[in-house]
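Residue numbers (the numbering used here): 42 to 162.
Cβ coordinates follow ideal geometry from the N, Cα and C atoms, glycine included.
A short write-up of the structure that comes next.
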């Protein structure tokens, strides 16, 4: 079996953990949000991990950076969705802030990794 580089990346593992968190909290969202905020949050969270994984298979650091930038932007999309969920009282401030803290950490890690790739290339 081929080695998958992304499995060695702590940013990928953090992103997968975030997916689990997002699926758990969105399970309690109103059913009429299934194709709205629930779907958008889930897709954006999955996008973070998928772009990290896809980028890790890139032929160059430049191409990998492009995928990391997309993953980084997706963290902000999820942050916005969490803020909306808090405002709509779908989740508590405590639940939302816990996820927002994880997103801040993950976005900083992705940004740091992107800068490291830039420095190495």
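Check your understanding: When we look at the beta-carbon of residue 131 and count the other beta-carbons within 10 Å, is it buried (16 or more) or exposed?
Key -> As a working mapping, residue 131 is identified with position 90 in the chain shown. With 16 or more Cβ atoms within 10 Å of its Cβ, residue 131 is classed as buried.
Review point. Ordered along the chain, which non-local residues of its own chain (more than five positions away) have a Cβ less than 6 Å from that of residue 42?
Key: Start at 1 with the first residue of the chain shown, and residue 42 comes out as number 1. Any reading at residue 42 must be qualified, since the residue scores a pLDDT of 43, below 50, and its modelled position is unreliable; no value is offered.
Practice item. Look up residue 158 in the DSSP assignment and say whether it is helix, strand or coil. Key: Here residue 158 corresponds to residue number 117 of the chain shown, with the count starting at 1. Helix.
**Study point:** Limits of the alpha helix (DSSP H) - the one that residue 81 falls within
**Key:** Residue 81 sits at position 40 when you count from the first residue of the chain shown. Note, residue 81: alpha helix (DSSP H), 78 to 97.
Check your understanding: From which residue to which residue does the alpha helix (DSSP H) around residue 117 run?
Key -> Within the chain shown, numbered from 1, the residue matching residue 117 stands at position 76. Residues 102 to 128.
Check your understanding: If residue 87 sits next to residue 60, beta carbons under 8 Å apart, how far is it from one beta carbon to the other, in whole angstroms?
Key -> Position 46 of the chain shown, counted from the first residue, corresponds to residue 87. Position 19 of the chain shown, counted from the first residue, corresponds to residue 60. That pair is a contact at about 6 Å.
Review point. Skipping 5 residues on each side, what residues in its chain have a beta carbon closer than 7 Å to that of residue 154?
Key: Here residue 154 corresponds to residue number 113 of the chain shown, with the count starting at 1. Closer than 7 Å at Cβ, skipping near neighbours: 52, 109.
**Study point:** Neighbour-count burial assignment, residue 122, 16 or more Cβ in a 10 Å radius
**Key:** On the chain shown, residue 122 is found 81 positions in, with the first residue counted as 1. By the neighbour-count rule (16 or more Cβ atoms within 10 Å), residue 122 is buried.
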